Amino acid sequence: MKENKKISRRDMLRMAGRGAAGVSLLAVGGLAFWKKQKPEYVWQIDPYKCVSCGNCASYCVLEESAVKCVHAFEMCGYCDLCTGFFEPEPRKLDTGAENQLCPAGAIERKFVEEPYFEYNINESLCIGCAKCVKGCTAFGNGSLFLQIRHDRCLNCNECFIAMACPARAIRRVSSNKPYILKGAS
Amino acid sequence: MLLCGLFVSAFASAAERFPPPDFVETEYEIPSVDYVRQAGPRPEWMGYLDVAVLAITLCLASYFVLKLRSRKAVFWLMIFSLLYFGFWRKGCVCSIGSVQNVSLAIFQSSFSVPFIVLIFFLLPLVFTLFFGRAFCAGVCPLGAIQDFVMLRPIKIPYWLAAVLGLFPVLYLGAGVLCAATGSGFIICRYDPFITFFRMSGSIQVIIFSLSLLLICVFVGRAYCRFICPYSVLLRWFSRLSWKRITITPDDCIKCRLCEDACPFGAIEKPTVEWPKENYLKSKNVLAGLVILLPVLVVLGGFICSRLSISWSRFNADVRLAERIYMEDSGQVPDVSNPSRAFRATGLSTQALYNDAEKIRTQFRLGTWLVGGLLGFCIGTKLIGLSIHLKHEDYKPDRGKCISCGRCYKYCPREHLRLKKLHEN
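Structure below.
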């Protein structure tokens, strides 16, 4: 023992502890890395669960919500009196601008042929408030719905709109299929 | 006709109230909803850039602290990290939160931890194991923002700092438990400084962040010392570190000049010679404390397990199940939004109760473990206080020291070293 006096007992214990800490780090890292084969996850709104409460517009940590309205044209009825575009209970039932629903003016209405109109979402204006979604789902075909846009979403660990969602419609989905689209084949 | 259809269909349950039209007059083609998919996520190289910056800043921080011995260099590195990880990357991804991703991936079968997040979890710990907590001083943006506002640091009594220092253990336990049960990432939810990085947040969070920042003016790095859950791991690893920061570049001359240098109370004074007659008494105290340790572990577990019901409410399923139960048993008159949405789905209440019960069981086990860990920490702290380890120099406490390098300039030996360096 006397010859090995160079290493004190305290250092010896510390070395052992260091080794143990290193091994435990390796173990945790290895375990987590081994599970890495599974795909990564991103947040998404299930449009079939969404109750269009409007929380998406205000609870996202981004100044301009990562949630935008999406239009499944295949499901759209191309109605003249679109309840996603106009107030469901207007004072006078006509196509006047005062009857339009979208607070940001993000829905563009384009005449196709008698009596059909195409409705396009201008995404740079859309704030994800779900007013049009509510109107369309209540009285129309439900072709308008909300989606988290992954070019904007920060993929926070704790999604603040998911926490605020009353319908628990926001969940983590595999990043291989990052969108839950209505009307898509 | 359309109007008529509108009113009829308002009460119809089918989704396709108005069949998609056949366009006959024009060549109109119905666009596909697939246009959404074109917008992909942010490029992956940005994540790897973060990892590279983390690795470089960690290397630099360790070099500045151990070799260069320059507070100024550490300070500028800290500013860089605050700008890059804080204001540019908006506080995400961070090592503190990564603890939760790792525990989620380990305990929940369907989740994995992204490679970048795993590196953010491991790399600072590895560096701490080798070079001490240079991560806290130079790389962590949350530490940097507190360092920045520390204008009038006051001294916290030792006992108070020791008691407050137990909170991070509890917080880490709660954070890991909530992540492991898939209930949420509470460390991210209550991140106090991300409001500054993002320049947004709800009014409650902004008030909380501002008041914590105000405390940090007087209490140096209050978040790091008394809240940060990652600091628990860093403290453990730093105690075992291979190299570490020293106040003096060579020999301590016990001039006492550095005694009050540390705003975080991390400098240990040399131990005084123990009176011989106390020896037997303190041996008995130590024996008593060693026996007390398992008692403290069990007691801590028991007390903490009383919290399992309230902690389980971090889980949305448990909250919903409790609410629905209260509504069904007539304890509350109205119906909440979440329960209305749940009832609209037509899922069975019993299945929800079963899920909630499963999560509560997990929380019961988890709170026992967290409480046990807390009891263990209290016990080992008491044992540590009763053991008399002899050391003759002024030196930083291995666990508490965050390697900021403020104490260098207090040491006359350091001034001598710099002078020699200058002459050469």
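Keeping their order, the protein sequence lines are chains A and B.
Using my numbering, the first residue of the first sequence is number 708, and each one after it goes up by one.
Using my numbering, the first residue of the second sequence is number 104, and each one after it goes up by one.
Backbone N, C-alpha and C define an ideal beta-carbon position, used for all residues, glycine too.
Keep in mind the model is a prediction, meaning the values are calculated, not measured.
In three-state DSSP terms, what is residue i?
i	result
residue 498 of chain B	strand
residue 889 of chain A	coil
residue 407 of chain B	helix
residue 377 of chain B	coil
residue 780 of chain A	helix
residue 756 of chain A	coil
residue 98 of chain B	Because chain B in this structure spans residues 104 to 527, residue 98 of chain B falls outside the shown range and cannot be described.
residue 330 of chain B	coil
residue 192 of chain B	coil
residue 827 of chain A	strand
residue 750 of chain A	strand
residue 881 of chain A	strand
residue 873 of chain A	coil
residue 417 of chain B	coil
residue 218 of chain B	helix
residue 461 of chain B	helix
residue 815 of chain A	strand
residue 396 of chain B	helix
Using a Cβ-Cβ cutoff of less than 7 Å, which residues in the same chain neighbour residue i once the five nearest sequence positions on both sides are dropped?
i	result
residue 944 of chain A	Residue 944 of chain A lies beyond the stretch modelled for chain A, which goes from 708 to 892, so this question has no answer here.
residue 430 of chain B	438 and 442
residue 377 of chain B	491
residue 816 of chain A	792, 824 and 826
Is there a C-beta anywhere in chain A that falls below 8 Å from the one on residue i?
i	result
residue 345 of chain B	yes
residue 195 of chain B	yes
residue 131 of chain B	yes
residue 419 of chain B	yes
residue 235 of chain B	no
residue 323 of chain B	no
residue 515 of chain B	no
residue 454 of chain B	no
residue 312 of chain B	no
residue 288 of chain B	yes
residue 109 of chain B	Only weak support exists for where residue 109 of chain B lies, its pLDDT of 43 falling under 50; the value from the coordinates is given anyway. By this cut-off, residue 109 of chain B is an interface position.
residue 381 of chain B	no
What does residue i touch in chain A if you count any residue whose Cβ is under 9 Å from its own?
i	result
residue 291 of chain B	863, 864 and 865
residue 430 of chain B	Result: empty, since nearest Cβ-Cβ is about 14 Å, beyond 9 Å.
residue 232 of chain B	725, 728, 729 and 732
Is the CB of residue i under 8 Å away from at least one CB in chain B?
i	result
residue 748 of chain A	yes
residue 753 of chain A	no
residue 786 of chain A	yes
residue 735 of chain A	yes
residue 854 of chain A	yes
residue 761 of chain A	no
residue 888 of chain A	yes
residue 708 of chain A	Confidence at residue 708 of chain A is low in this model, with a pLDDT of 42, below 50, so the placement of that residue should be treated as unreliable; the coordinate-derived value is given next. For residue 708 of chain A, the answer is no, since every Cβ of chain B falls outside 8 Å of its Cβ.
residue 878 of chain A	no
residue 774 of chain A	no
Excluding five sequence neighbours on each side, which residues of the same chain lie with their C-beta closer than 8 Å to the C-beta of residue i?
i	result
residue 320 of chain B	252, 253, 254 and 255
residue 420 of chain B	455, 458, 459 and 462
residue 877 of chain A	750, 751, 752, 753, 855, 866, 868 and 869
Might you give, ordered along the chain, the residues of its own chain that have their beta carbon closer than 6 Å to the beta carbon of residue i, omitting 5 neighbours on each side?
i	result
residue 206 of chain B	279, 282 and 283
residue 466 of chain B	411, 414 and 415
residue 424 of chain B	455, 456 and 459
residue 235 of chain B	341, 344, 347, 348 and 506
residue 760 of chain A	873
residue 403 of chain B	474, 475, 477 and 478
residue 193 of chain B	300 and 301
residue 400 of chain B	475, 478 and 479
For residue i, which residues in chain B fall below 8 Å Cβ to Cβ?
i	result
residue 781 of chain A	123, 133, 135 and 136
residue 858 of chain A	142, 143, 144 and 145
Run through chain B and tell me which residues come within less than 7 Å of residue i, C-beta to C-beta.
i	result
residue 739 of chain A	205, 208, 209, 216 and 221
residue 891 of chain A	136 and 137
residue 874 of chain A	444
residue 721 of chain A	343
Run through chain B and tell me which residues come within less than 9 Å of residue i, C-beta to C-beta.
i	result
residue 716 of chain A	Here the premise fails: no neighbours, minimum Cβ distance about 11 Å.
Residues of chain A with CB closer than 8 Å to the CB of residue i, please, in chain order.
i	result
residue 301 of chain B	768
Within the present structure, is the beta-carbon of residue i separated from the nearest heavy atom of the ligand HEM by less than 7 Å?
i	result
residue 490 of chain B	Summarising the ligand content, the structure contains no ligands, and the ligand HEM is consequently not present.
Next on the checklist: With three or more C-beta pairs closer than 8 Å as the rule, is the stretch 287-296 of chain B touching the stretch 861-877 of chain A?
Outcome noted: Enough Cβ pairs lie closer than 8 Å, so yes.
Item to check | contact_flag[the stretch 815-835 of chain A, the stretch 129-139 of chain B] where n(CB pairs < 8 Å) is 3 or more | outcome: yes
Item to check | At least three beta-carbon pairs within less than 8 Å, the stretch 444-454 of chain B to the stretch 294-307 of chain B | outcome: no
Checklist entry - Using 8 Å as the threshold, is the stretch 374-394 of chain B in touch with the stretch 476-495 of chain B, meaning 3 or more CB pairs across them? => result yes
Checklist entry - Are at least three pairs of beta-carbons, each pair with one atom in the stretch 183-203 of chain B and one in the stretch 237-245 of chain B, less than 8 Å apart? => result Taking a cut-off of 8 Å on C-beta distances, the stretch 183-203 of chain B touches the stretch 237-245 of chain B, as three or more cross pairs fall below it.
Checklist entry - Below 8 Å, can you find three or more Cβ-Cβ pairs linking the stretch 359-374 of chain B to the stretch 494-513 of chain B? => result yes
Checklist entry - Are the stretch 254-274 of chain B and the stretch 325-340 of chain B touching by the rule of at least three beta carbon pairs closer than 8 Å? => result yes
Checklist entry - Quick one: any contact between the stretch 797-813 of chain A and the stretch 834-844 of chain A, if contact means 3 or more CB pairs under 8 Å? => result Yes: at least three Cβ pairs fall under 8 Å.
Checklist entry - Does the stretch 168-178 of chain B come close enough to the stretch 217-228 of chain B that 3 or more CB-CB pairs lie under 8 Å? => result no
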